[in-house]
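The next block holds one structure in the form of structure tokens; read it before the comments.
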Amino acid sequence: MQRINDLKLENFHFQHQINTRFIDVDAFNHINNATFLSYFEDARRCFFERWGINLKEKSLIVASVKIDYLSQLQHPSTLVIGQRVSRLGTKSFDILSVLFLKNKQICFATTTVVCYNFTNKTSIPLFKEIKKDFDK
Numbered sequence: 024m025q026r027i028n029d030l031k032l033e034n035f036h037f038q039h040q041i042n043t044r045f046i047d048v049d050a051f052n053h054i055n056n057a058t059f060l061s062y063f064e065d066a067r068r069c070f071f072e073r074w075g076i077n078l079k080e081k082s083l084i085v086a087s088v089k090i091d092y093l094s095q096l097q098h099p100s101t102l103v104i105g106q107r108v109s110r111l112g113t114k115s116f117d118i119l120s121v122l123f124l125k126n127k128q129i130c131f132a133t134t135t136v137v138c139y140n141f142t143n144k145t146s147i148p149l150f151k152e153i154k155k156d157f158d159k
């Protein structure tokens, strides 16, 4: 298995471009660390859309997010986030997200997502769409 620090943008089948915004800048004149979570969230929404899952019938909820910061980021910047399903459980899965600036890793995150039925208020087995997308 390839180490996260060795991953390049071309190692990701799914890529999502995002631009920094002036509102993302903090008092130290760099992109605030909390903002990275919203970047990953925007990419994750597009990542999920690829599966064509009817979210009224099949819900996905975030259970955990862990972010490792590698480098500061300045505004303005055009970023690309690579994402892939990196782990499958029986009712949950992980998404590995790596944020790149000009092919340099800025930070990465592991997000654990649970398949959930809001009507029954219980977790449910993984959807086939997720299993098919594993480690692409």
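Each residue of the sequence shown is one higher than the one before, counting from 24 in our numbering. Here a beta-carbon is modelled for each residue, glycine too, at the ideal position from N, C-alpha and C. Small disclaimer: the values here were computed from a predicted structure and weren't measured.
Item                                                                                                                                                    : Value
What do you reckon, are the CB atoms on Ile54 and Asp47 nearer than 8 Å?                                                                                : yes
Which residue's Cα is closest to the Cα of Cys138: Val85, Ala66, Leu119, Thr101?                                                                        : Val85
The alpha helix (DSSP H) that contains Ala66, what's its start and end?                                                                                 : 58-72
Which residue spans inside the segment 112-142 form an unbroken beta strand (DSSP E) run of at least 3?                                                 : 115-124, 127-140
Going by CA-CA distance only, name the one from Lys89, Lys155, Ser94, Arg67 that's closest to Val127.                                                   : Sequence check: residue 127 is Lys here, not Val. Considering only alpha carbons, the answer is Ser94.
For Gln38, which beta-bridge partners are listed by DSSP?                                                                                               : Gly105
Can you name, in chain order, every residue of its own chain whose Cβ lies under 6 Å from the Cβ of Tyr62, other than the five neighbours on each side? : Ile41
Contact check, Val103 vs Phe116 under 8 Å by CB: the rounded distance?                                                                                  : With 8 Å as the limit, Val103 and Phe116 do not qualify as a contact, their Cβ atoms being about 22 Å apart.
Could you tell me which residues DSSP pairs with Met84 in its beta bridges?                                                                             : Note that residue 84 is Ile in the sequence shown, not Met. DSSP output for Ile84 lists Val137 as bridge partner(s).
In three-state DSSP terms, what is Asp91?                                                                                                               : strand
Let's see if you can read the secondary structure: which residues bound the alpha helix (DSSP H) around Glu152?                                         : 151-155
Under a three-way DSSP split, which group does Ile163 fall into?                                                                                        : Nothing about residue 163 can be reported from this structure: the residues present for the chain run from 24 to 159 only.
CB-CB under 6 Å to Cys69, same chain, minus the five flanking residues each way: which ones, in chain order?                                            : His39
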